[in-house]
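Number of protein chains: 2
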Amino acid sequence: MIVTIIGLGLIGGSIALDLKARGFTNHVIGVDKNPSHTSIALKKGIVQEIADLKTAVQKANLVILAIPVNAVVKLLPQVLDYADENTTVTDMGSTKAKLIESVVSHSKRAQYVAAHPMAGTEYSGPTAAIYNLFDNKMAIICDKENSDAESVTIVEGMFKILKMPILYMDAQEHDIHAAYVSHISHITSFVLAMAVLEKEKSINNIFNLASGGFASTVRLAKSSPQMWSQIFEQNQHNLLEVMDTYIEQFKIWRQCISEGDFEALQDKMEAANAIRKILDR
Amino acid sequence: MIVTIIGLGLIGGSIALDLKARGFTNHVIGVDKNPSHTSIALKKGIVQEIADLKTAVQKANLVILAIPVNAVVKLLPQVLDYADENTTVTDMGSTKAKLIESVVSHSKRAQYVAAHPMAGTEYSGPTAAIYNLFDNKMAIICDKENSDAESVTIVEGMFKILKMPILYMDAQEHDIHAAYVSHISHITSFVLAMAVLEKEKSINNIFNLASGGFASTVRLAKSSPQMWSQIFEQNQHNLLEVMDTYIEQFKIWRQCISEGDFEALQDKMEAANAIRKILDR
Numbered sequence: 636m637i638v639t640i641i642g643l644g645l646i647g648g649s650i651a652l653d654l655k656a657r658g659f660t661n662h663v664i665g666v667d668k669n670p671s672h673t674s675i676a677l678k679k680g681i682v683q684e685i686a687d688l689k690t691a692v693q694k695a696n697l698v699i700l701a702i703p704v705n706a707v708v709k710l711l712p713q714v715l716d717y718a719d720e721n722t723t724v725t726d727m728g729s730t731k732a733k734l735i736e737s738v739v740s741h742s743k744r745a746q747y748v749a750a751h752p753m754a755g756t757e758y759s760g761p762t763a764a765i766y767n768l769f770d771n772k773m774a775i776i777c778d779k780e781n782s783d784a785e786s787v788t789i790v791e792g793m794f795k796i797l798k799m800p801i802l803y804m805d806a807q808e809h810d811i812h813a814a815y816v817s818h819i820s821h822i823t824s825f826v827l828a829m830a831v832l833e834k835e836k837s838i839n840n841i842f843n844l845a846s847g848g849f850a851s852t853v854r855l856a857k858s859s860p861q862m863w864s865q866i867f868e869q870n871q872h873n874l875l876e877v878m879d880t881y882i883e884q885f886k887i888w889r890q891c892i893s894e895g896d897f898e899a900l901q902d903k904m905e906a907a908n909a910i911r912k913i914l915d916r
Numbered sequence: 636m637i638v639t640i641i642g643l644g645l646i647g648g649s650i651a652l653d654l655k656a657r658g659f660t661n662h663v664i665g666v667d668k669n670p671s672h673t674s675i676a677l678k679k680g681i682v683q684e685i686a687d688l689k690t691a692v693q694k695a696n697l698v699i700l701a702i703p704v705n706a707v708v709k710l711l712p713q714v715l716d717y718a719d720e721n722t723t724v725t726d727m728g729s730t731k732a733k734l735i736e737s738v739v740s741h742s743k744r745a746q747y748v749a750a751h752p753m754a755g756t757e758y759s760g761p762t763a764a765i766y767n768l769f770d771n772k773m774a775i776i777c778d779k780e781n782s783d784a785e786s787v788t789i790v791e792g793m794f795k796i797l798k799m800p801i802l803y804m805d806a807q808e809h810d811i812h813a814a815y816v817s818h819i820s821h822i823t824s825f826v827l828a829m830a831v832l833e834k835e836k837s838i839n840n841i842f843n844l845a846s847g848g849f850a851s852t853v854r855l856a857k858s859s860p861q862m863w864s865q866i867f868e869q870n871q872h873n874l875l876e877v878m879d880t881y882i883e884q885f886k887i888w889r890q891c892i893s894e895g896d897f898e899a900l901q902d903k904m905e906a907a908n909a910i911r912k913i914l915d916r
């Protein structure tokens, strides 16, 4: 199996490492518009060959797009144009509805399997690529019924090699869920970082006190702005809904604190403790 | 040196373990109103003796209060009443101004050293006590000039044994800093947990998608409601100020997303990325 990976960043690079190491493929072809990414990827042994988009797609049995979601919208139709009729195309984007929309009437739509591996770190680029990034994380395949059974089987096989249990859902449902458990976490981390950095201007050494709790809460604020602004753009509607739920809750908390109703606040915290059942399972 | 620890939870228990293991003391006396805590602490070897408050304070060279901050306000004057004139008293509370206020005119005020070790986990109780919890985290001593030099030296010695670098600041300044780098992180985590749990009621299986980023961001929502509601109460004024800065930023982000100004949003994320300089140092 020849695998072409478009986008040799954290996700694309990490997939390449595992698929090769675990025998899913012997030959990974890399495509990346950034020449420093391609040279690092070759040097680190992430890919065995670098090619232009057309050549790379034509040579591949499986093409994986691991680029920011707006770039997927632009490239996906072209990738399907170049693809042989036996080639499977998939993407690793954090949003799904608009990506699928971009090829809804493409003659080779059925060769495309929309997917999302729920894994990552706050780092980016091929130097961030690591082995075992995906082990035991969830993968989602969307709108499976609109893809050829053969193509779905190939992508399922890839996720199996990556040790990812697979969930199936429709793209709209995926985007709502992703807004709640991934996208909003990034927003609150970014905003917290901004609020604290804003204050830092007027108070010296505020960060000498930064403890593990703070680091954990703002970790995602180190994430790639280019990648995440596109995810927020594509999931605009769902994200606004979640943000409104969040801001409503935040205001209730502010009111409790402002009015000195710490008993009500303690009740709310006990309710929030229920998050343990999700985190500790 | 005989050390009495009042409150055998995560912090008190962990201090006891390290002070004994590292030879700062051979005998730790524990006080806790919860009988299951005292029996676990004895069984786990966290303390060598359990005593009532008065006896435990009278026997000690150093008394450490490691209880919720409202309980410190209540107990601290009484502890100083019981304390021999050569006994040093300190506390590990996350707020400082109101604790100090509670003994400002006490005849033994100078035997008290107000302190805050910036370390912890989201777990609580003596079963959560662990070795090496404090290594390389910051400790703060507040209003040092109002404590006897001998007492300050003893508390500094304790933090040295716990491998904590020490910062000195006044109590007001401490409480502002703590609001920014610790207390607000807990608020945003609790609120995020609430917002997502709220949605869970109407959407099945939302959490199958919960990834590492979500877990990291809401980790603090597992924290003790009893402990944190008291911290929020005592730091009410500073916390409201931080919450207002946060909510203002959050609304600007919402506006960018709602108006589709993703270029401005990307600029903001790049600004937020500056948090790396604090997290990665």
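From first to last, the protein sequence lines stand for chains A and B. Just add 635 to wherever you are in the first sequence, counting from 1, and you've got the numbering used here. Just add 635 to wherever you are in the second sequence, counting from 1, and you've got the numbering used here. The C-beta atom is built at its ideal place from N, Cα and C for all residues, glycine as well. Since this is a predicted model, take the numbers as computed values, not measurements.
In the DSSP assignment, what residue or residues form a beta bridge with residue i?
i, result
"Pro752(B)", "Ala774(B)"
"Ile641(B)", "Val666(B) and Leu700(B)"
"Ile685(A)", "Gly665(A)"
"Val714(B)", "In DSSP, Val714(B) forms no bridge with anything."
"Leu802(A)", "Ile775(A)"
"Tyr766(A)", "Partner(s): none; Tyr766(A) has no beta bridge."
"Thr730(A)", "None, per the DSSP bridge assignment."
"Tyr747(A)", "Val724(A)"
What in chain A is Cβ-close to residue i, meaning under 7 Å?
i, result
"Asn807(B)", "Per the sequence shown, the amino acid found at residue 807(B) is Gln instead of Asn. Simply none; closest approach about 12 Å."
"Ser759(B)", "Within chain A, no residue comes near Ser759(B); the closest Cβ sits about 11 Å away, beyond 7 Å."
"Glu720(B)", "Neighbours of Glu720(B) on chain A: none; closest Cβ ~33 Å, over 7 Å."
"Ile702(B)", "Under the 7 Å cutoff, chain A gives no residues; its nearest Cβ is about 16 Å from Ile702(B)."
Return the CA-CA distance between residue i and residue j, expressed in angstroms with no decimal places.
i, j, result
"Gly665(A)", "Leu697(A)", "12 Å"
"Ala718(B)", "Thr639(B)", "11 Å"
"Ala676(B)", "Phe897(A)", "30 Å"
"His662(A)", "Glu684(A)", "8 Å"
"Ile795(B)", "Ser742(B)", "Note that residue 795(B) is Lys in the sequence shown, not Ile. Rounded to whole angstroms, Lys795(B) to Ser742(B) spans 28 Å at the Cα level."
"Val704(A)", "Asn870(A)", "10 Å"
"Gly658(A)", "Gly792(A)", "12 Å"
"Glu868(B)", "Leu900(A)", "10 Å"
"Gly648(B)", "Leu734(A)", "53 Å"
"Val708(A)", "Met799(A)", "25 Å"
"Lys655(A)", "Glu780(A)", "29 Å"
"Asp784(B)", "Ile702(B)", "Per the sequence presented here, residue 784(B) reads as Ala, with Asp not at that position. If you take the alpha carbons of Ala784(B) and Ile702(B), they lie about 25 Å apart."
"Leu643(A)", "Ala651(A)", "9 Å"
"Lys679(B)", "Asn771(A)", "34 Å"
"Gly755(A)", "Asn669(A)", "21 Å"
"Ala695(B)", "Met904(B)", "52 Å"
"Gly706(B)", "Gly895(A)", "First, the amino acid is wrong: residue 706(B) is Ala here, not Gly. Cα to Cα, the separation comes out at about 17 Å."
"Gln861(A)", "Phe825(A)", "13 Å"
"Asp585(A)", "Ile789(A)", "With chain A covering 636 to 916 only, the question about residue 585(A) has no answer from this structure."
"Ile801(A)", "Pro761(B)", "39 Å"
Could you tell me whether the Cβ atoms of residue i and residue j are closer together than 8 Å?
i, j, result
"Ala907(B)", "Met829(A)", "yes"
"Leu929(B)", "His821(B)", "Outside the modelled stretch of chain B, which goes from 636 to 916, sits residue 929(B), for which no answer is possible."
"Ile811(A)", "Asn767(A)", "no"
"Ile776(A)", "Ala806(A)", "no"
"Ile637(B)", "Thr673(B)", "no"
"Met804(B)", "Met773(B)", "no"
"Ala850(A)", "Leu914(B)", "yes"
"Tyr758(A)", "Leu715(A)", "no"
"Ile699(B)", "Ile641(B)", "yes"
"Ser729(A)", "Ile866(A)", "yes"
"Val738(A)", "Leu711(A)", "yes"
"Thr852(B)", "Leu827(B)", "yes"
How would you list, in chain order, the residues of chain A whose beta-carbon sits under 9 Å from the beta-carbon of residue i?
i, result
"Ile892(B)", "Ile822, Phe867, Glu868, Gln871, Leu874, Leu875 and Met878"
"Ile819(B)", "Leu827, Ala830, Val831, Phe849 and Thr852"
Residues of chain B with CB closer than 8 Å to the CB of residue i, please, in chain order.
i, result
"Leu645(A)", "Within 8 Å Cβ-Cβ: nothing; Leu645(A) doesn't reach chain B, min ~13 Å."
"Thr639(A)", "Here the premise fails: no neighbours, minimum Cβ distance about 26 Å."
Can you name the residues of chain B whose CB is closer than 7 Å to the CB of residue i?
i, result
"Tyr766(A)", "By Cβ distance, chain B contributes nothing, its closest Cβ being about 16 Å from Tyr766(A), past 7 Å."
"Val826(A)", "Tyr881, Gln884, Phe885 and Trp888"
"Met829(A)", "Gln884, Lys903, Ala906 and Ala907"
Can a CB atom of chain C be found closer than 8 Å to the CB of residue i?
i, result
"Tyr717(A)", "Absent from the structure is chain C; the protein chains it does hold are A and B."
Quick one: list the residues of chain A neighbouring residue i, beta-carbon separation under 8 Å, in chain order.
i, result
"Lys834(B)", "Tyr815, Val877 and Thr880"
"Ile910(B)", "Ala828, Val831, Leu832, Val853, Ala856 and Lys857"
"Leu914(B)", "Ala845, Ala850, Val853, Arg854 and Lys857"
Below 9 Å between beta carbons is the criterion; list the residues of the segment 894 to 905 of chain A that meet it against any residue of chain B, in chain order. Gly895, Phe897, Glu898, Leu900, Gln901, Asp902, Lys903, Met904 and Glu905
Residues of the segment 735 to 756 of chain B in Cβ contact with chain A at a cutoff of 9 Å, in chain order, please. Listed by position, the residues of the segment 735 to 756 of chain B near chain A (Cβ gap below 9 Å) are His751, Met753, Ala754, Gly755 and Thr756.
Check distances from the C-beta atoms of the segment 772 to 806 of chain A to those of chain B and list, in chain order, the residues that come in under 8 Å. Result list: Lys772, Met773, Ile775 and Leu802.
Along the segment 848 to 864 of chain A, what residues have a CB closer than 9 Å to any CB found in chain B? Gly848, Phe849, Ala850, Ser851, Thr852, Val853, Arg854, Leu855, Ala856, Lys857, Ser858, Ser859, Pro860, Gln861, Trp863 and Ser864
If you measure beta-carbon to beta-carbon, which residues of the segment 654 to 676 of chain A are closer than 9 Å to chain B? none
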